[in-house]
Every structure is written in structure tokens, then in C-alpha cells.
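Here the structure is laid out as C-alpha cells; the discussion comes afterwards.
Residue numbers (my numbering): 4 to 265.
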């Protein structure tokens, strides 16, 4: 067995290392960790807890794998994180072990790509060939089928199931189950009014705020087109400083966040 461990790495003697494992500078490997054949920790990687990583997987700098889950109900139970083979786990990825409330195991399949900042929370089950783009986040107990793709900056709510071959568009917030082969898009962001508290705290005058509120109600009303409403607001209230700021911004925008219909 040939194992390469950089002199600056800290590897517990009890850790189980397969053949041709490579552990780079400043890595930390805990006593209950098992690394399969040809696993490579590039540098500055921490692998702790009862964690198993399958052969040919590569983990990049500053990933934190197997640390205590972000769950207040966790009481130190001997749960596990099981990661399959041939996974690419990029910088700043976090993966957590399971909890007593979720079966004690978090499982990640084979041949996955987990880009920068991905989070796999406790008790998740991730199928094979998953692709999670930068900063995609799975809350606890999420299940992904095989060949699921999740776009960057997306978040999946706890206990949601996403079927095989489904695709989640970037910046989406997924709150309900997704059928296999489904395409889901939408970040749920809708304009929900004005930041009245912030306006007051920053010292804007009441008459300015009242004018802005009136302009808001007209601009985002239901009559006519948005262009027509912008013209009306500009004609009737465009001399007000705050309203003028909104109109200038809106005219320069390619796509404005609108209130939810109805």
C-alpha cells in the first residue's frame, strides 16, 4: 500500500486509508474516517466524524466533510456520512452526517460534482451523477434521485424529494417535491411592498414617504400596462425625489421584480 501524506497534514493513526491515497498540505483527518483507494485530499481539507469516502474521489481546499451537523436536536449520536466513489467535491463544500431523527446516515452517491460552496445537510440522500452548482444548498432530509442537476444559488427545503433526471434552475427556492424529469425554475422572490421601516430610520420625511407609497400603489397596480403606469406616475408625481429615483431605476432595468399576482 502506497499512501502519500504531506508533512503538514494531521492524520489520526486510527483512520483507515486505502491504497494510493494522497493527503495534501494542512489537511486534517479524524480517527473514524475511512478513505477509499486513490482518494485525494488536495490541501486544507478537514474530514471528521464517522465518514466514509469512496475510491477515486477528490476533495478540494477548505471543504469541511463530516463535522457535527447544523441541527440543534443533534446530541452527539454516532451517525455517519457515506460518500460514494469518483466524486469531485470542490472548494468550501460542507457535508454533514445524519442524525437520530433521520436514520443516522447522510448518503451521497457516485460520480457527483459538487461545486464551490455546496451544502449537503444532515440525513440527505443524494443519488448518482448529481451536479450541484456553486452555493446550491440542501436542507436536512432532502432526497435527490440519480442525474439531478441543481443550479447555482438554489436552495431545497427540508424533506423535499427531487426525482431522477430533474433539473432545478439557478437561484430557485424549492419547497415541494419535483417529479422525475421535471424542470423547476423560480426563486419565489416577489416585490412585497416598500421598506417603510428603513425609510423612517434613515430620516426621510413623512410627506416623501407618503408620495412614494402613492406612486408605488399606482406603478404596481392592475390597470393598463406597466409602461403606461410609469408614464402616469412620471407625469403626476415625477417631481418627488424618491419617486424620481424609482422611475429612473425602472427605466434602466431590463426586468423588474414585480408583486405576486393577486
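Where a beta carbon is used, it is the ideal one built from N, C-alpha and C, also for glycine. Values in this document were obtained by computation on a predicted structure and should not be read as measured data.
- By the CB criterion at 8 Å, residue 253 and residue 233 fall inside the cutoff.
- Taking a contact to require three or more Cβ pairs closer than 8 Å, the stretch 109-122 and the stretch 134-142 qualify as touching.
- Per the coordinates, the alpha-carbon of residue 31 lies some 28 Å from the alpha-carbon of residue 156.
- Note: residue 67 is bridge-paired with 49, 97 in the DSSP secondary-structure output.
- A check of alpha carbon separations from residue 40 across 33, 28, 20, 50 identifies 20 as the nearest.
- Taking 8 Å as the cut-off, the beta carbon of residue 167 is found closer than this to the beta carbon of residue 148.
- Secondary structure of residue 121 (DSSP, three-state): coil.
- With respect to residue 43, residue 67 sits apart: the two C-beta atoms are not nearer than 8 Å.
- Of all C-beta pairs linking the stretch 47-64 to the stretch 77-94, three or more are shorter than 8 Å, placing the two stretches in contact.
- A distance below 8 Å between beta-carbons, with the five flanking residues on each side excluded, links residue 215 to the following residues of its chain, in chain order: 197, 202, 243, 245, 246, 249.
- Within the model, the alpha-carbon separation for residue 241 versus residue 218 is close to 9 Å.
- Of the residues 77, 97, 113, the one whose Cα lies closest to the Cα of residue 105 is 77.
- Apart from sequence neighbours up to five positions away, the residues of its chain that approach residue 80 with a beta-carbon distance below 8 Å are 102, 103, 107, ordered along the chain.
- One Cα belongs to residue 153, the other to residue 94, and the distance between them is close to 17 Å.
- C-alpha of residue 36 to C-alpha of residue 200: approximately 50 Å in a straight line.
- For the pair residue 34 and residue 18, the CB atoms are nearer than the 8 Å cut-off.
- Non-local beta-carbon contacts of residue 144 in its own chain, meaning distances under 6 Å to residues more than five positions away in sequence, involve 105, 126, 161, 162 in chain order.
- The C-alpha of residue 257 lies about 28 Å from the C-alpha of residue 205.
- Under the DSSP assignment, residue 235 falls in the alpha helix (DSSP H) whose first and last residues are 229-240.
- A straight-line Cα-Cα distance of about 32 Å links residue 177 and residue 221.
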